[in-house]
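Read in the numbering used here, the sequence shown has 143 at position 6, and its numbers run on one by one without any break.
Glycine included, C-beta positions come from ideal geometry on N, C-alpha and C.
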Amino acid sequence: MSDIIRLLPDSVANQIAAGEVVQRPASAVKELLENTIDAGATDVKLIIKDSGKLLIQVTDNGCGMSERDARMCFERHATSKIQKADDLLAIRTLGFRGEALASIASIAQVELKTKRHEDEIGTSILIDGSEFKGQSPVQCQNGTTVSVKNLFYNVPARRNFLKSNTLELKYIIEEFFRVALVHPDITFTFYNQDKILFQLPTGNLKQRIINLYSSSYTQRLIPVEQRTALVNISGFIGKPEFAKKSRGEQYFFTNGRFIKSAYLHHAVDGAFKELIPDDSVPSYFIFMEVDPQTIDVNIHPTKTEINFQDIKSIYAILHAAVKQSIGKFNLAPSLDFETEQSMNLPLADENRPVRQPVITVNPDFNPFEKKTQPQTSFSFPLQNKPSIQGWRDLYDTNFQPTEKSPPPIPMEDYSHHPLQMLRTSHSPSERKEPRFKTHTL
């Protein structure tokens, strides 16, 4: 019986890896943006066409690559981030496996242009579905530009599983937010269908949140700050009255890496207990700095989940920090001294004359003078007293006499109010209730 175990070709192995690393266009965007951060870029441009199916292009002004590095970056497990197994315990970069570019190149047509700052000419490489097409010198700007065209063109089954353009663009925007939030010191420009969707200047974290969402978030955010020997926590949480019924503004970052953690989310959500409705979710943008040796980032293909050695302590610290910030906000709103330049008001004109304040006084004003107010009064002449029927018409214009109505009683037999006369018109044994109704004036 012949041997049946054999090595897979690199193209097949890369496509299998792509199934874990590149699930949709947003996955490719994430990997390319993270590479720009690791390259030390300060200006990043993202260009999307047809929700990433037709084109994903990322341009940065990072360190660039040499001619050999440009060719090696498409090999599997080729990376500059680690050299030995111990380096996995001290990872501070976003990428380290060396599978992203090799996986992307196996399911798309990729063009790479790169140039180091000290070089006079750059390098261009073309790859079509893991098949190397050519390498040539090229004149380009410093940094790297990666163009991914026709994603999943050679894997039609994967392409058919993609969602609508609107939904796929939403996933791309979410990955863009995750990278842009953690790096407010980098300028980002996002083009969709040749139109600028986001243009983010450098600034602090609060300004980056406002630029990504809206100016209304200026009054919605509460700062969070807590430093301990185990973890340093910083960032912002949303005020309780702005909690939403849908998720989408919940971000955890550990050592500059976006992570998902239902356990830590419970710590934040518990701090808002009894302050927001049960079906609402608070907003938060929380950054945690820990010792790299106390976490394991190599447990998930997309690197969005990590393990903490002492997750329970971090849970308690995070819960207390958020609750403390909410308490401070309830006592006294925080002041933001990091104002934008657009909020600076111009100073007064130095040449403008100074005028002394003038107070106008009325010398004829007398606070003790009494002014008579016209009063409206009603009186009836004694010789023209209204009859009992007149009083009835006065108090009840809808009065209709009935057959059993008592005859009118002469007015002069009584010296009291007409209504009182009606109440005392008979002895207690013979008293009857009037059959007409009176209205309260």
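Residue from the options with nearest C-alpha to residue i
i: VAL292; options: ASP406, ALA245, VAL275; result: ALA245
i: HIS403; options: SER462, ILE451, PHE298; result: ILE451
i: ARG364; options: VAL459, GLY189, GLU171; result: VAL459
i: PRO377; options: THR251, LEU299, GLY464; result: GLY464
i: GLU168; options: LEU238, SER188, LYS182; result: LEU238
i: SER353; options: GLU362, ARG253, PHE379; result: PHE379
i: LEU412; options: PHE466, SER398, ALA150; result: PHE466
i: PHE313; options: ASN279, ALA408, GLY189, ILE359; result: GLY189
i: VAL434; options: PHE395, LEU342, VAL195; result: PHE395
i: GLN461; options: THR355, PHE409, PRO146, LEU192; result: PHE409
i: VAL195; options: GLU257, THR281, LEU337; result: THR281
i: VAL149; options: ASP180, SER164, GLY199, ARG213; result: ARG213
i: THR339; options: LEU192, THR260, ASP180; result: ASP180
i: ASP265; options: PHE327, ALA242, TYR388; result: ALA242
i: ASP331; options: TYR400, PRO500, ASP187; result: ASP187
i: ILE309; options: ASN329, ARG208, TYR290; result: ASN329
i: GLU386; options: ALA366, THR355, TYR350; result: TYR350
i: MET209; options: GLU506, GLU236, GLN336; result: GLU236
i: THR303; options: GLY177, ALA178, ILE185, ALA366; result: ILE185
Test item: CB-CB of residue i and residue j under 9 Å
i: LEU455; j: VAL405; result: yes
i: VAL159; j: SER267; result: no
i: LYS391; j: ILE346; result: Note on identity: in this sequence residue 391 is Thr, with Lys being the wrong assignment. No, they are not a contact pair.
i: ASP579; j: LEU231; result: A query on residue 579 cannot be resolved here, the shown segment of the chain reaching from 138 to 578 and no further.
i: PHE211; j: LEU183; result: no
i: VAL285; j: LEU263; result: no
i: LEU318; j: LEU342; result: yes
i: LYS381; j: SER420; result: yes
i: GLU362; j: LYS397; result: no
i: ASN287; j: HIS254; result: no
i: GLU305; j: ALA163; result: yes
i: TYR400; j: ILE448; result: yes
i: LEU103; j: VAL316; result: Since the displayed the chain opens at 138 and closes at 578, residue 103 lies outside it and no answer follows.
Beta-ladder partner(s) of residue i, from DSSP
i: GLY375; result: LEU358
i: GLN387; result: TYR421
i: LEU263; result: GLU248, GLY271
i: ILE432; result: PHE445
i: THR324; result: ASP180
i: ILE193; result: ILE185, VAL285
| Segments of 3+ residues assigned as beta strand (DSSP E) that fall wholly inside the region 269-306 | Every unbroken stretch of the beta strand (DSSP E) spanning 3 or more residues and falling wholly within the region 269-306 is given here in chain order: 280-286.
| task | Report yes or no: do three or more beta-carbon pairs, one from the region 366-375 and one from the region 414-428, lie closer than 8 Å? | result | With a cut-off of 8 Å, the region 414-428 and the region 366-375 count as touching, because enough Cβ pairs lie within range.
| request: Pair every Cβ in the region 268-279 with every Cβ in the region 316-326, then say whether three or more of these pairs are closer than 8 Å. | output: Contact between the region 268-279 and the region 316-326 is absent: fewer than 3 CB-CB pairs across the two stretches fall below 8 Å.
| query | Is the region 199-213 touching the region 328-346 in the sense that three or more CB pairs, one from each, lie closer than 8 Å? | reply | When Cβ pairs closer than 8 Å are counted between the two stretches, the region 328-346 is seen not to touch the region 199-213, the count staying below three.
| In chain order, which beta strand (DSSP E) runs of at least 3 residues are fully inside the region 146-186? | 180-186, all fully within the region 146-186.
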